[in-house]
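Heads up: the structure comes next, in structure tokens.
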Amino acid sequence: MTPLLDVQDLKVHFPLANGSTVHAVDGVSFQVNEGDSFGIVGESGSGKSTTAQALMRLVDPVAGSITLDKHDLGRLEGEALRSLRHMLQMVFQDPYSSLNPWLRAGQAVREPLDLMGLGPARGRDKRVDEMFRAVGLHPDAKRLFPHQFSGGQRQRLCIARAMVTEPRLIVCDEPVSALDVAIQAQILNLLKKLQAEKHLTYVFISHDLAVVQHLCTHVAVMYLGEFVETAPTQELFANAKHPYTWSLMAAALSPDDTTPSTERFTVTGEPPSPINPPKGCRFAGRCPFATDTCRAEKPPVKTFAEGHKVACHYAGELTPPLPELAAHAA
Amino acid sequence: MDPVLEITDLKVGVDTGRQVQSVLDGVSLKLTPGKTLGVVGESGCGKSMTALSTMGLLPDRFAVSGGSINLMGEDLLAAKPARMRELRGNAISMIFQEPMTALNPVLTVERQIAEVVELHQGKTGAEAREIALEMLRAVQIPSPEDRLAAYPHELSGGMRQRVMIAIALACRPKVIIADEPTTALDVTVQAQIFRLLRELQEQTETAIMLITHDLGAVAEMADEVAVLYAGKCVESGPVREILSNPSHPYTRGLMACTPRLRLGAAAASAAEEGLGEIPGMVPPLGRFPKACRFAPRCALADARCHAEAPPLVPAGPDHSALCWHTDKMEQVA
């Protein structure tokens, strides 16, 4: 099966005024099959949002290729790129700043159809009504302005606007992190339902491992511009092998977990600057397992069962410091 | 142990010009030395308003209309503005959600910490500088001597939040109110900040009011929990009680909404796990239902819930819930 989205060795660099370069995304490769949802997890500054923006061509890659359904998305320009826009859409983190405050909700959702000339003009209002119902809003709400909606409803509007063009791929950049937990659950369930109904494909950016486990079929863990671990969701959460992934898992807080944090695995410090990323393994400075090899040499990507890829010198040799993972590995 | 801060039946209203709308309606909380109280609820439930009432920092047009706030025997609601200024940052201090906006961008880290001890403890010059340095060490900022001269924009989010904690702790307050202190931070940094707060609390016996919408953070940090909904405290009790035996449909709903990480062998069944939902949203101010405020979103609500305000019912040791149906909780999520 040919993947719907094929990203090869993508690099996005930003030059700074002083001549140095921010290595925001530094060589990531992944494939997403139709109907899957590919989660990219990482902390701020890891490059996950830049990856999302590069997929949308909101920023231009300096190297690598992005292929969407045989189209070379990374190199298309102008009209050729615009003619593909209906195939890929985006849902942003902040549903307020991503809606035009002067446009009524109905116009906002209809606008992509008008701009791309999709479908007969007379059918568009009907299509907008359908989208409102699909995301759980009443079509009467079309005449309201964004400020008259709550945060969760605004995110529903953004989802309706993204879906109205019947895209093949939707890039969701932290779509629930600005929302309260109860509203977050509503939006996650909506995204899941729409995906099942419309056979959609998602690239889902998040800092929250639990959310990604809930929604995604595949997960990549990103650190300082690189993927450190990639696997199908179940495999990743059952057999995580990278110390950075472990640190994210150990730091996730659960209402059911009574283990005091002092007894849990933690890493110290914060990610180094992407302007001068460390020479060897980029996580070595914070990794409790790091050796001189890690600090000197870039780790190879090792492949395990089920396409589980880990960029660590000692992948598969370390005992996970999390009891659930250690018990499963034993 | 005697509570260090006791809020009793607090009522706060906002004057819209036409009428006074209820914001908090009879909230009662207790903070004990060395313990953490988690105050939980969605946006618009009154968590931050409870904190701001305590600090005497309510925004314009918001006013306390009843109840009492007692800090070590002193009624804060009767305190004059000058007295509140003496107490704020000294006996009771606050850590805000967004360290970038809460710190002064044109003052160095040293100045912002030293200012507090100069103002409240009469320390000056070298002495104040020494305390600033000591505080930076206490919050585990690497190379603290160099950081004294830094401005907030030169620090990462985690470091800024550490500076805020250093300022809040500089006068060894009896009470710290932490309003979503880690929401703006990454998870690994959040873990570090929580660990730091716990360690400092053990040394200083400070009582912490942790305001959060994250039940995971509550499980990690809190000893006691109060769940707020639409200006009312709907459930309160010891943290283990609340999390293992939630007795209000709202608390149960919040638990069901929280996605859980399933690791190791448990990962295999994670895909089948659904995520619970609380339908609808918190009603806006002025539109709180008359009887049970949660009734329009509640699966258990019947005619009585819409007609009569629910009673406060005991649900376990030191544990109570504001609900007509505490005996039917197993029917919810």
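Chains as they are written, first to last, in UniProt numbering: chain H, 1 to 330; chain G, 1 to 333.
Cβ atoms here follow ideal geometry from the backbone N, Cα and C, with glycine treated the same way.
Small disclaimer: the values here were computed from a predicted structure and weren't measured.
Quick check: the Cα distance between G:GLY286 and G:PRO81, rounded to an integer number of angstroms? 29 Å
Identify which residue in H:THR165, H:LEU99, H:VAL91 and H:PRO299 has its Cα closest to the Cα of H:ASP125. H:THR165
Mind checking whether G:MET55 and G:ILE95 have CB atoms under 8 Å apart? Annotated as distal: G:MET55 and G:ILE95, with beta-carbon spacing of 8 Å or more.
Mind checking G:ARG172: buried by the 16 CB within 10 Å criterion, or exposed? Exposed: under 16 other Cβ atoms inside 10 Å.
For chain H, find out if any of its Cβ atoms is closer than 8 Å to the Cβ of G:GLU42; answer yes or no. Taking 8 Å as the CB threshold, G:GLU42 lines the interface with chain H.
Touching by the beta-carbon criterion (3+ pairs, under 8 Å), the segment 57 to 72 of chain G and the segment 214 to 232 of chain G: no
Beta carbon of H:ILE159, beta carbon of H:LEU115: below 8 Å? no
Within 10 angstroms of the Cβ of G:PRO279, are there 16 or more other Cβ atoms? Answer buried if so, exposed if not. An exposed status is given to G:PRO279, since fewer than 16 other beta-carbon atoms sit within 10 Å of its beta-carbon.
Ordered along the chain, which non-local residues of its own chain (more than five positions away) have a Cβ less than 7 Å from that of G:GLY17? none
Taking H:ASP125 as part of the alpha helix (DSSP H), name the residues at either end of that continuous run. 124 to 134
How many angstroms separate the CA atom of H:TYR202 from the CA atom of G:ALA270? 19 Å
Check whether the Cβ atoms of H:SER20 and G:ASP186 lie closer than 8 Å to each other. no
Does the segment 27 to 46 of chain G come close enough to the segment 4 to 17 of chain G to have 3 or more Cβ pairs within less than 8 Å? yes
Anything in chain G within Cβ reach of H:VAL211, meaning under 8 Å, just list it in chain order. PRO259
Would you call the CB atoms of H:CYS172 and H:PHE149 closer than 8 Å? no
Using a Cβ-Cβ distance under 8 Å, would G:LEU77 count as near chain H? no
Under a CB-based cut-off of 8 Å, is H:GLY152 close to chain G? yes
Using 8 Å as the threshold, is the segment 132 to 141 of chain G in touch with the segment 156 to 172 of chain G, meaning 3 or more CB pairs across them? yes
Contact list for H:ALA296 against chain G, beta-carbon separation under 8 Å: Here the premise fails: no neighbours, minimum Cβ distance about 23 Å.
Of all the residues that make up the segment 210 to 236 of chain G, which are near chain H by a beta-carbon distance shorter than 8 Å? Result list: HIS213, ASP214, LEU215, GLY216, ALA217, VAL218, ALA219 and GLU220.
Would you decide whether G:GLN203 is buried or exposed? Buried here means 16 or more other CB atoms lie within 10 Å of its CB. exposed
Please classify H:SER206: is it buried, with 16 or more other beta-carbons within 10 angstroms of its beta-carbon, or exposed? buried
Ordered along the chain, which non-local residues of its own chain (more than five positions away) have a Cβ less than 7 Å from that of H:VAL25? LEU10, LYS11, VAL12, GLY47, THR50, THR51, ALA54 and GLY225
For G:ARG262, go through chain H and note every residue whose CB falls closer than 8 Å to its CB, in chain order. GLN213 and PHE237
Does the beta carbon of H:LEU200 come closer than 8 Å to any beta carbon on chain G? no
With a threshold of 16 other CB atoms inside 10 Å of the CB of H:PRO271, please say whether the residue is buried or exposed. buried
Out of G:PRO296, G:GLY237 and G:MET255, point me to the one whose CA is closest to G:ALA321's CA. Answer by Cα proximity: G:GLY237.
Check whether H:ARG156 and H:PRO146 have beta carbons under 8 Å apart: no
Quick check: is the beta carbon of H:ILE183 nearer than 8 Å to any beta carbon in chain G? At least one chain G Cβ lies under 8 Å of H:ILE183.
Ignoring anything shorter than 3 residues, give me the beta strand (DSSP E) runs that lie fully in the segment 57 to 137 of chain H, in order along the chain. 63 to 68 and 88 to 91
Between the Cα of G:THR246 and the Cα atoms of G:GLY73, G:MET84, G:PRO284 and G:ALA315, which residue gives the shortest distance? Note on identity: in this sequence residue 246 of chain G is Pro, with Thr being the wrong assignment. Restricting attention to G:GLY73, G:MET84, G:PRO284 and G:ALA315, the CA atom closest to the CA of G:PRO246 is found in G:ALA315.
Under 8 Å, CB to CB, which of the residues in the segment 176 to 195 of chain G have a partner in chain H? Cβ contacts with chain H come from ASP186, VAL187, THR188, VAL189, GLN190, ALA191, GLN192, PHE194 and ARG195.
Determine whether the Cβ of H:LEU99 lies closer than 8 Å to any Cβ atom of chain G. no
How about G:MET281: is its C-beta nearer than 8 Å to some C-beta of chain H? yes
Chain-ordered chain G contacts of H:LEU144 [CB-CB under 9 Å]: Under a criterion of Cβ atoms nearer than 9 Å, no residue of chain G is adjacent to H:LEU144; the nearest Cβ is some 15 Å distant.
With a floor of 3 residues, list each beta strand (DSSP E) that falls wholly inside the segment 192 to 240 of chain G, ordered by position along the chain. At a cut-off of 3 residues, the continuous stretches assigned as beta strand (DSSP E) that sit fully inside the segment 192 to 240 of chain G are 207 to 212, 224 to 229 and 232 to 238.
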